[in-house]
Amino acid sequence: MNPAKRHEMFVRFRAANPHPKTELDYTTPFELLIAVLLSAQATDVGVNKATRKLYPVANTPQAILDLGEEELKTYIQTIGLYKTKGKNVIATCRMLVDLHGGQVPRDRESLEALPGVGRKTANVVLNTAFGEPTMAVDTHIFRVSNRTGLAPGKNVDIVEQKLLKFVPKEFLQDAHHWLILHGRYTCKARKPECWNCMQRDLCDYRSKTPAPDGV
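Throughout, the numbering used here is defined as the position within the sequence shown, counted from one, plus 3.
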């Protein structure tokens, strides 16, 4: 995919969805951080269902510490890997209270030092909570980047670096959300809806899916 096509791709994304947002429910950077921690190998819908009950009870690091690990697990037990995630949430809350005054740090190094927080989670928080032009490459972004030819790479680190290089700067702030939503609802893993795709003529994917009968 050449630079002109990349630019046009994001022009179309912005025209269709000028203000894209994460589908995780949150009102503070801390709520977002915990939601992203819980979202690994889980759906946003499933995470929202859990946090919708948890956050009215405890939505600060100290409040979750006061709740305790066992009680926390009762709120998140419908989410995959909830036992490990519960331990990480408690440990993260302890570090936030002890080292950061109960606030979510705004720098990558401090974020990635939190238990259970890797580069992708840090990128989501930096981008969504603090407005940094980062790129959190999840399975959807990785697939869309490779399939369309936008930023092909063998692993998420390569794709992230290529996206930061190739995505026009004017679109970089929102590119993360556009690509996730495109992968989740149009450029799906098994049956991409190529016939219904706004980027069809720009995309390098050769095996484009035809429209099903009756569509």
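Idealized CB from N, CA, C, for every residue including glycine.
**OP:** Alpha carbon to alpha carbon, how far is methionine 201 from leucine 184? Give it in angstroms, no decimals.
**Re:** 13 Å
**OP:** Measure the Cβ-Cβ separation of proline 6 and phenylalanine 169 and say whether it is below 9 Å.
**Re:** yes
**OP:** Kindly provide the ranges of any beta strand (DSSP E) runs that are 3 or more residues long and lie completely inside the region 16 to 101, ordered along the chain.
**Re:** none
**OP:** Would you verify that the beta carbon of arginine 109 is, or is not, closer than 9 Å to some beta carbon of chain B?
**Re:** Any reference to chain B falls outside this structure, which holds one protein chain only.
Original post:
alpha helix (DSSP H) containing aspartate 177: first to last residue?
Top reply: 175 to 188
**OP:** Determine the DSSP secondary structure at cysteine 206, reduced to helix, strand or coil.
**Re:** coil
Original post:
Helix, strand or coil for glutamine 164 per DSSP?
Top reply: helix
Original post:
Based on Cα-Cα distance, which residue from Arg97, Pro64, Thr95, Thr54 lies nearest to threonine 77?
Top reply: Thr54
Original post:
From what residue to what residue does the alpha helix (DSSP H) around arginine 150 run?
Top reply: 142 to 151
Subject >> Nearest-angstrom Cα separation, counted from arginine 111 out to glutamine 164 >> reply: 16 Å
Original post:
To which residues of the same chain is glutamine 65 closer than 8 Å at the C-beta, ignoring the five residues directly before and after it?
Top reply: Cys96, Val100, Gly105
Subject >> Beta-carbon spacing of leucine 129, serine 148 below 9 Å >> reply: no
Original post:
Quick check: the region 28 to 44 against the region 128 to 145, are there 3 or more CB pairs under 8 Å?
Top reply: yes
Original post:
In three-state DSSP terms, what is valine 14?
Top reply: helix
Original post:
Any idea what DSSP makes of alanine 214, helix, strand or coil?
Top reply: coil
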